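A quick write-up on the structure given underneath.
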């Protein structure tokens, strides 16, 4: 999908949802929710807010102009969860669907959201955090498939940024779930009281697992990128 759109220059697409992956804006929304504490839930999320603070600075990488000055923006999907790929009866990919979020962004956003939704061995709202582990064989297979196409247009700087996206997207999703929990569950559909908080905790746990394995995962990316460069020579 990214490869087919890689020749469209940035600025051609309408910004459908302004600041969709802007973590600074998401953190501002969280701060507003904290100040209002409309449902009196703030006291119960102290541990989660500590994790937010712990990672906040590192997660603002893509908003720091000095760090992304040579990182190109491209037309990306912006919602690359696994169920946005249409499969046939043989589980073969046919096309990408759910295109209403297509707009400019960094390829690491799409990579990160895809990793977020496929690498977790449990569910997005897993209550037992010990069940959340990383499916590294599936990650390796995904990297191989992704870079088979993406290596044709990615710059070295973009390759280096991919794991930053894989860390950012679960963090951002956790911040969004936590914000909605504090606000009284007004955005995401919930199945029970505390569902958004449970989702946030699961995403924070996934983030911690990804962070602990980030160097190994980056090396898998680099190795596969080099293999594709050699094959394309």
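In the working numbering, the protein residues as written are 515 to 747. Virtual Cβ for every residue (Gly too), placed ideally from N, Cα, C. As the structure is a computational prediction, the values presented were derived from the model and not from experiment.
Check your understanding: Can you name the start and end residues of the beta strand (DSSP E) that residue 608 belongs to?
Key -> For residue 608, the uninterrupted beta strand (DSSP E) run begins and ends at 607–610, by DSSP.
Exercise for review: Report, in whole angstroms, the separation of the C-beta atoms of residue 694 and residue 702, which I expect to be a contact under 8 Å.
Suggested key: 5 Å
Exercise for review: With distances taken Cα to Cα, identify the nearest neighbour of residue 574 among 562, 540 and 741.
Suggested key: 540
Check your understanding: Residue range of the beta strand (DSSP E) that residue 600 falls in?
Key -> Secondary structure note for residue 600: its beta strand (DSSP E) is the uninterrupted segment 599–601.
**Study point:** Residue span of the beta strand (DSSP E) that contains residue 588, given as start and end
**Key:** Residue 588 -> beta strand (DSSP E) spans 588–590.
Exercise for review: Run through the region 539–598 for me and flag every whole alpha helix (DSSP H) of 4 or more residues, listed as ranges in chain order.
Suggested key: Along the length of the region 539–598, whole alpha helix (DSSP H) runs at least 4 residues long occupy 560–570 and 579–582, reported in chain order.
**Study point:** alpha helix (DSSP H) runs wholly inside the region 650–721, at least 4 long, in chain order
**Key:** 650–664 and 670–697
Exercise for review: Decide if the region 532–552 is in contact with the region 674–691; the criterion is three or more beta carbon pairs, one per stretch, under 8 Å apart.
Suggested key: yes
Check your understanding: With a CB to CB cut of under 6 Å and the five nearest residues on each side skipped, what residues in its chain are close to residue 711?
Key -> 695
Review point. Does the distance from the C-beta atom of residue 629 to that of residue 680 stay below 7 Å?
Key: yes
Review point. Which class does residue 618 belong to by DSSP, given the choice of helix, strand or coil?
Key: strand
Practice item. Would you decide whether residue 671 is buried or exposed? Buried here means 16 or more other CB atoms lie within 10 Å of its CB. Key: exposed
Check your understanding: What's the call for residue 606, buried or exposed, on a 16-neighbour Cβ count within 10 Å?
Key -> exposed
Review point. If we count Cβ pairs, one from each stretch, closer than 8 Å, do we get three or more for the region 717–736 versus the region 578–588?
Key: no
**Study point:** Minimum C-alpha distance to residue 569 - residue among 645, 625, 682 and 729
**Key:** 682
Review point. In chain order, what residues of the same chain lie with their CB nearer than 6 Å to the CB of residue 611, ignoring the 5 residues before and after it?
Key: 598 and 600
**Study point:** Separation of residue 590 from residue 528, as counted between CA atoms
**Key:** The alpha-carbon of residue 528 is positioned some 12 Å away from that of residue 590.
Exercise for review: Would you kindly work out how many angstroms separate the C-alpha atoms of residue 645 and residue 716, rounded to a whole number?
Suggested key: Roughly 10 Å separates the two Cα atoms.
Check your understanding: Closest by CA to residue 577, which one among 678, 567, 564 and 593?
Key -> 678
Exercise for review: Can you tell me which of the three DSSP states residue 604 falls into?
Suggested key: coil
Review point. Cα separation between residue 566 and residue 633?
Key: Taking the straight line from one Cα to the other gives about 21 Å.
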